[in-house]
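In this note's numbering, the protein residues as written are 474 to 739.
1. Tell me whether residue 678, by its Cβ, gets closer than 8 Å to a heavy atom of the ligand MG.
2. DSSP beta-bridge partners for residue 538?
3. Does the pairing of the segment 493-500 with the segment 526-535 give three or more beta-carbon distances under 8 Å?
4. Among the residues of its own chain, which have a CB less than 7 Å from the CB of residue 561, if the five just before and after it don't count?
5. Kindly indicate if chain B contains any beta-carbon less than 9 Å away from that of residue 537.
6. Applying the 10 Å Cβ sphere with the 16-neighbour rule, what's the burial state of residue 672?
7. Is the CB-CB distance between residue 627 and residue 484 below 9 Å?
8. Here's the rule I'm using: 16 or more other beta-carbon atoms within 10 Å means buried, otherwise exposed. How should residue 707 be labelled?
9. Decide if residue 608 is buried, meaning its Cβ has at least 16 other Cβ atoms within 10 Å, or exposed.
10. For residue 648, which of helix, strand or coil comes out of DSSP?
11. I'd like to check one pair, residue 666 with residue 635: are the Cβ atoms closer than 9 Å?
12. Enumerated in chain order, which unbroken segments of the beta strand (DSSP E) with a length of 3 residues or greater are wholly contained in the segment 698-727?
13. By DSSP, does residue 531 sit in helix, in strand, or in coil?
14. Assess, as a yes-or-no matter, whether the segment 686-695 is touched by the segment 718-730 under the definition of 3 or more beta carbon pairs within less than 8 Å.
15. Take residue 664 as the anchor and find which of 712, 594, 598, 492 has the nearest alpha-carbon.
16. Quick one: residues in its chain with C-beta nearer than 7 Å to the C-beta of residue 638, no 5 flanking neighbours on either side, listed in chain order?
17. Tell me the DSSP bridge mates of residue 481?
18. Three-state secondary structure (DSSP) at residue 629?
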């Protein structure tokens, strides 16, 4: 398969009811859009179970993750560690996550989130698989926690990055990979990202849809407002424009980085 003509979506919430109910159509669209692989993001262990059901139908197309999203930290307990570790022994479960901190809405308390996040980092030290990270309005606590546990951690990607130049520099200096979503296609909200994406090293950039959220603003046809992996090309096109690069450059770089980061050898 020629990587110059394909993309990998590192984060799509395909267990979301809006997408899971039409997964066969989603798959047809993915194939038509030359998406080589999609990583189904999990926000709790039930998501992972549902993702593995999807994967059983389409084993050549999908992978998944396992972990508790900060919104779901209130549901996490130390009793979940064994189940998470068992899932991570599955070759189709590529990463730990989505985990991290989100103080924007606080569906779970800060204390619950900090406990859950720290437990995930402890798991990561023993499993040696990448970590799929979420941070929103919690930068200092998030970075402090990562630095506290940096010895023994493997690789991590900050998904859906929308922060400042200074935050980006901190992440890069810490060795983080960076995931870019359709946020960058929003000429208003994504303006800052347009200006600072050039500071992401070529070997740290990955792309994602975060479906069904963050539908690209540069889609040029009528749609239902629900994002899906087949729209990833619109993210790639905007990145290429921001970097003043050819679209195949973005495809080559991101697919190479993704396969190395997640250890995808198929």
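Ideal Cβ placement from N, Cα and C applies to all residues, glycine included. Quantities reported herein were computed from a predicted structural model and do not represent experimental measurements.
Short version:
1. With respect to small molecules bound, the structure shown includes none, and the ligand MG cannot be examined in it.
2. Per DSSP, 568.
3. Contact annotation: the segment 493-500 touches the segment 526-535, with at least three C-beta pairs closer than 8 Å.
4. If the five residues before and after residue 561 are omitted, its C-beta is found closer than 7 Å to the C-beta atoms of 539, 569, 600, 602, all from its own chain and listed in chain order.
5. The displayed structure is made up of one protein chain only, and chain B is not part of it.
6. Exposed: under 16 other Cβ atoms inside 10 Å.
7. No, the pair does not count as a contact, with Cβ atoms beyond the cut-off.
8. Residue 707 is buried by the Cβ-count criterion.
9. Burial call: buried.
10. DSSP, reduced to helix, strand and coil, places residue 648 outside both helices and strands of the structure shown, so it counts as coil.
11. Yes, the Cβ-Cβ distance between residue 635 and residue 666 is below 9 Å.
12. Within the segment 698-727, no complete beta strand (DSSP E) run reaches 3 residues.
13. Looking at residue 531 - three-state DSSP - the assignment turns out to be coil, as it is neither helix nor strand.
14. The segment 718-730 vs the segment 686-695: no contact.
15. The residue with the shortest Cα to Cα distance from residue 664 is 712.
16. Answer for residue 638: 669, 672, listed in chain order.
17. DSSP, once it has assigned bridges, lists 510 as partnering residue 481.
18. In the structure shown, residue 629 sits in a strand (DSSP, three-state: E or B).
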